[in-house]
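Numbering (our numbering), first residue to last: 414 to 582.
Beneath this line is the structure, given in structure tokens, with notes to follow.
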Amino acid sequence: MSTVSPPSQKEKSSAVDGQEKNIPEIPKALNCISQVRQRQGMTLRTVARRWDLEISDIRQMEQPTADLRISELHAWQRLLEVPLHELLVDTELPLSPHVLQRAQLIRLMKTIVTLRDKSTEPEAQHLIERLLLQVVEIMPELKNVGPWHETEERMDHRSPMVYQLPESY
Numbered sequence: 414m415s416t417v418s419p420p421s422q423k424e425k426s427s428a429v430d431g432q433e434k435n436i437p438e439i440p441k442a443l444n445c446i447s448q449v450r451q452r453q454g455m456t457l458r459t460v461a462r463r464w465d466l467e468i469s470d471i472r473q474m475e476q477p478t479a480d481l482r483i484s485e486l487h488a489w490q491r492l493l494e495v496p497l498h499e500l501l502v503d504t505e506l507p508l509s510p511h512v513l514q515r516a517q518l519i520r521l522m523k524t525i526v527t528l529r530d531k532s533t534e535p536e537a538q539h540l541i542e543r544l545l546l547q548v549v550e551i552m553p554e555l556k557n558v559g560p561w562h563e564t565e566e567r568m569d570h571r572s573p574m575v576y577q578l579p580e581s582y
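Here it is as structure tokens:
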């Protein structure tokens, strides 16, 4: 996979009244890879590690105006495990309910695995294990999902909503 930089502003040639005029082409969004990756709970670091690329290269590819080759879009599609059309910009349509649900389940599974790994109480471990099995029952491909990483970067890629439980909970 090669690195791809966002296209520069190209000039479009247009003939008006018999005269040539150069009109700068305004770059428009072509993909929403970054949004999908974040919703799937995958970090830039994870993508860079899997593809043996620098994070800056991944950021360039994720630019909404990046003119990616079909082979690169297919690589993203396989990595994020979403239909190809979900990576392309659509006219204001949100991600499909299936992709959104899968992203939510991945985040849920990461939280469950993190709780399991940090829990020391046998009763809590038993309940967490039951919960983990129930989620795998719903979506078997989540069986090998790992825990949340202990870095600040993770905080940037989590769900935008943060819940605070009341003290009495």
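Each residue gets a CB set at the ideal place from its N, CA and C atoms; glycine is no exception.
- In this structure, I468 sits near R458, with a CB-CB distance shorter than 8 Å.
- According to DSSP, residue pairing for L501 in a beta bridge involves N444.
- Taking the CA atoms as reference points, N557 sits about 19 Å from L540.
- Of the other Cβ atoms in all chains shown, 16 or more fall within 10 Å of the Cβ of R450; this residue is therefore buried.
- For the set L492, T478, E550 and N444, the Cα lying nearest the Cα of R462 is the one of L492.
- L500 and E536 have their C-alpha atoms some 42 Å from each other.
- At a Cβ-Cβ threshold of 8 Å, P553 and V526 do not count as neighbours.
- Pairing I519 with E475 gives a Cβ-Cβ distance that is not under 8 Å.
- Contact between L521 and P477 is absent: CB atoms are separated by about 28 Å, not below the 8 Å threshold.
- The C-beta distance from R452 to L497 rounds to 16 Å, too long to meet the 8 Å contact threshold.
- In its chain, beyond the 5 residues on either side, P560 have a beta carbon closer than 7 Å to the beta carbon of D530.
- Just so you know, the alpha carbons of E494 and Q448 end up roughly 14 Å apart.
- In the structure shown, Q453 falls within a coil segment according to DSSP collapsed to helix, strand and coil.
- For W561, the three-state secondary structure derived from DSSP is coil.
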